[in-house]
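S.K.: Before anything else, here's the structure in question.
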Amino acid sequence: MALEPTAPAGEQSPDDFSDVQAAVERHYSGTVARHGATALGVDWSCVPTQELRFVQLLKLCDFAQPFSINDVGCGYGALLGFLGRRHRGKSIDYLGVDLSAEMIGHARRMWARRRKASFEIAAQSTRIANYSVASGIFNVKLSIPEARWVRFIQRSLDDIRATSSRGFAVNFLAPLPQGTPGKAELYRTDAKTWAAHCRKRYRAKVEILAAYGMREFTLLVSY
Amino acid sequence: MGFFMKEHDIYVGSVLEQFNLRFAPAIGGKENYGGLEEMVELQKEFQIFKEGRPFKTSIAALNIGGSMNHDTKNRWYKTLDLLRKVKSNVPGQSGDKAIVSALIRNLAAKKPLPVYFTSHDATAPGGKSEVRITEKGRPLYYMKRDYMIVSFPFATEVAKAPAAKKAAKPKK
Chain P
1 MALEPTAPAG EQSPDDFSDV QAAVERHYSG TVARHGATAL GVDWSCVPTQ
51 ELRFVQLLKL CDFAQPFSIN DVGCGYGALL GFLGRRHRGK SIDYLGVDLS
101 AEMIGHARRM WARRRKASFE IAAQSTRIAN YSVASGIFNV KLSIPEARWV
151 RFIQRSLDDI RATSSRGFAV NFLAPLPQGT PGKAELYRTD AKTWAAHCRK
201 RYRAKVEILA AYGMREFTLL VSY
Chain L
224 MGFFMKEHDI YVGSVLEQFN LRFAPAIGGK ENYGGLEEMV ELQKEFQIFK
274 EGRPFKTSIA ALNIGGSMNH DTKNRWYKTL DLLRKVKSNV PGQSGDKAIV
324 SALIRNLAAK KPLPVYFTSH DATAPGGKSE VRITEKGRPL YYMKRDYMIV
374 SFPFATEVAK APAAKKAAKP KK
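Which chain is which? The protein sequence lines are P and L, in order.
For the first sequence, my numbering assigns the number 1 to the initial residue and increments by one for each residue that follows.
For the second sequence, my numbering assigns the number 224 to the initial residue and increments by one for each residue that follows.
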């Protein structure tokens, strides 16, 4: 797969992803309306699988010292709850951003008393943090054409890179075995493509985590 | 057990299917992880199944059956609650404890087996109202694959206890 951006004549400007963001916002506002502030409400099967992804993403962070973190596509802020339980007592300055006002509404109500934590309705982080993580935000492409979705990912990664001083971690769905029918609205990709993209574009060190029992992978990108 | 599902017993098959997908073997190559590999990692990381923790609690955490309608889900969990009061084919262990122990053992094994969940008729002649654990078997004739098998004892209604003989009234 080539990752070079292309803009066919007559198509929307490659830099304008407002239609993609609107579609994603509608989708997740719908899931949280149906299932509430739960793993199902952010399209995961259950809390343990949701948190196993957090375990992988957080391998990027150095918990020996205080740090700040941006959670991009934070949903109702499940990562904040996980950090509180798994890394109790650690000094972590958290910002969660999400396109869905409903999600952020849930997050603000759930974590109103949490210190050093805030949430914003936004497509990208509004501050530079030490680290950024994004779990599952590239998986559900809905009916958006794949080429456009790829450009959306590239743009999102650029934004994440620009707002992370030490590194970032993101995850993707891995391809299904050959011949297995997949859901058309899901984006699946191979690890090497995006690892190479991050290495080249950000001159970063990229670690691929894949052996954690799920048909997906996590990229730890540090610089 | 089984009768708790009442009119929702049409969903028992669907719930068991959810179990069987979450504990399924991988399809395709080594890098194509399946339900079992995910379960092994979840167990390693979070100890989902734990001695002393009811099977129902772990299943609820995994959201198995959780996507059904609320009434079906609640009845299913109530059915699983009953496992603590049901015997098993493991001497001295309740159905609940036998399942939890077997799953812990299997998921920690060097070569864990996929787990096949099924049911049997507890009221059939010779049948027993007990959970049956089979450490290794081939429950699916169309698959050359060993599984650990967990079979729930289901029945259509509560077996009535034999009526106690009335004590004869002492003659005055």
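We put the beta carbon where it would ideally sit given N, CA and C, even for glycine.
1. Give a yes or no on whether 9 Å exceeds the smallest Cβ distance from I135/P to chain L.
2. Could you tell me the distance, in whole angstroms, from the CA atom of P5/P to the CA atom of R151/P?
3. Classify R298/L as buried or exposed, calling it buried when 16 or more other Cβ atoms lie within 10 Å of its own Cβ.
4. For K279/L, count the other beta carbons within 10 Å of its own beta carbon; 16 or more makes it buried, fewer makes it exposed. Which is it?
5. Pull up the distance between the alpha-carbon of A7/P and that of R109/P, whole angstroms please.
6. Are the beta-carbon atoms belonging to L173/P and E216/P less than 9 Å from one another?
7. Should N297/L be flagged as near chain P, meaning a C-beta pair shorter than 9 Å?
8. What does the alpha-carbon distance come out to for the pair V263/L and L285/L?
9. Identify every residue that forms a DSSP beta bridge with A134/P.
10. Counting only beta-carbon separations shorter than 9 Å, does E185/P have a partner in chain L?
11. Can you tell which of Y76/P, V170/P, L219/P, T31/P has its C-alpha closest to the C-alpha of A120/P?
12. With the cut-off set at 9 Å, would you say A247/L and L265/L are in Cβ contact?
13. Along the chain, which unbroken stretches of the alpha helix (DSSP H) at least 4 residues long are found entirely within the stretch 267 to 321 of chain L?
14. DSSP on S222/P, reduced to helix/strand/coil?
15. Is there a C-beta anywhere in chain P that falls below 9 Å from the one on G289/L?
16. Whose C-alpha, out of P181/P, R86/P, S135/P, is nearest the C-alpha of D98/P?
17. DSSP state of I92/P, grouped into three classes?
18. For G36/P, which option in L220/P, A107/P, A23/P, R166/P has the closest C-alpha, if you only look at C-alpha atoms?
19. Taking 9 Å as the CB-CB cut-off, is I322/L touching chain P?
20. For G96/P, collect the residues of the same chain with a Cβ closer than 7 Å to its Cβ; drop the 5 residues on either side in sequence, then sort them by chain order.
21. Excluding the five sequence neighbours on either side, which residues of its own chain have a C-beta within less than 8 Å of the C-beta of S237/L, listed in chain order?
22. Kindly indicate which residue of N312/L, L303/L, E274/L has the alpha-carbon position closest to the one of E358/L.
23. Find the nearest neighbour of S320/L within the set R307/L, A331/L, N329/L, A332/L, judged by alpha-carbon distance.
24. Are the C-beta of S311/L and some C-beta of chain P separated by less than 9 Å?
25. Using a beta-carbon distance cut-off of less than 7 Å, what residues from the stretch 332 to 344 of chain L approach chain P?
26. Around the Cβ of I287/L, are there at least 16 other Cβ atoms within 10 angstroms (buried) or fewer (exposed)?
27. DSSP state of I121/P, grouped into three classes?
28. Can you give the Cα-Cα distance for M1/P and Q154/P, rounded to whole angstroms?
29. Any idea if T231/P is buried or exposed, counting beta-carbon neighbours within 10 angstroms, 16 or more meaning buried?
30. Is the distance from the Cβ of E274/L to the Cβ of K310/L below 9 Å?
31. Within the same chain, show all residues whose beta-carbon is closer than 7 Å to that of A123/P, passing over the 5 residues directly before and after it, in chain order.
32. In chain P, which residues lie less than 8 Å from F269/L when you measure between Cβ atoms?
33. Tell me, please, whether the stretch 329 to 337 of chain L touches the stretch 367 to 379 of chain L by the rule of three or more beta-carbon pairs shorter than 8 Å.
34. Within 10 angstroms of its Cβ, does L363/L collect 16 or more other Cβ (buried), or is it exposed?
35. Rounded to the nearest angstrom, what separates D166/L and V206/P at their Cα positions?
36. Do you know how far the Cα of L239/L is from the Cα of S160/P?
M.R.: Checking against the coordinates, here is how it stands:
1. What sits at residue 135/P in the sequence shown is Ser, not Ile. No, its Cβ sits nowhere closer than 9 Å to a Cβ of chain L.
2. Interpretation of P5/P is limited by its pLDDT of 48, a score under 50 that renders its predicted location unreliable; the figure taken from the coordinates is listed afterwards. Roughly 6 Å separates the two Cα atoms.
3. buried
4. buried
5. Here the model assigns A7/P a pLDDT of 49, short of 50, so the residue's position is not dependable, and the following value carries that caveat. The straight-line gap from Cα to Cα measures roughly 41 Å.
6. yes
7. no
8. 13 Å
9. V170/P
10. no
11. First, the residue type needs correcting, since residue 120/P is Glu and not Ala in the sequence shown. For the residues Y76/P, V170/P, L219/P, T31/P, the minimum Cα distance to E120/P belongs to Y76/P.
12. no
13. 278 to 284, 293 to 304
14. strand
15. yes
16. S135/P
17. strand
18. A107/P
19. no
20. D71, C74, G77, L80, A107, F119
21. M291
22. N312/L
23. One point to set straight first is that residue 320/L is Lys, not Ser, in the sequence displayed. The option with the nearest alpha carbon to K320/L is R307/L.
24. no
25. none
26. buried
27. strand
28. For M1/P, the pLDDT reaches just 48, beneath the cut-off of 50, and the residue's location in the model is therefore unreliable, although a value from the coordinates is still provided. Approximately 13 Å, taken between the alpha carbons.
29. It is not possible to answer for residue 231/P, since the shown part of chain P is limited to 1 through 223.
30. no
31. Q21, L99
32. P48, E51, L52
33. yes
34. exposed
35. The requested residue 166/L is not part of the displayed model; chain L covers only 224 to 395.
36. A quick correction: the sequence has Ile, not Ser, at residue 160/P. The alpha-carbon atoms of I160/P and L239/L are separated by roughly 42 Å.
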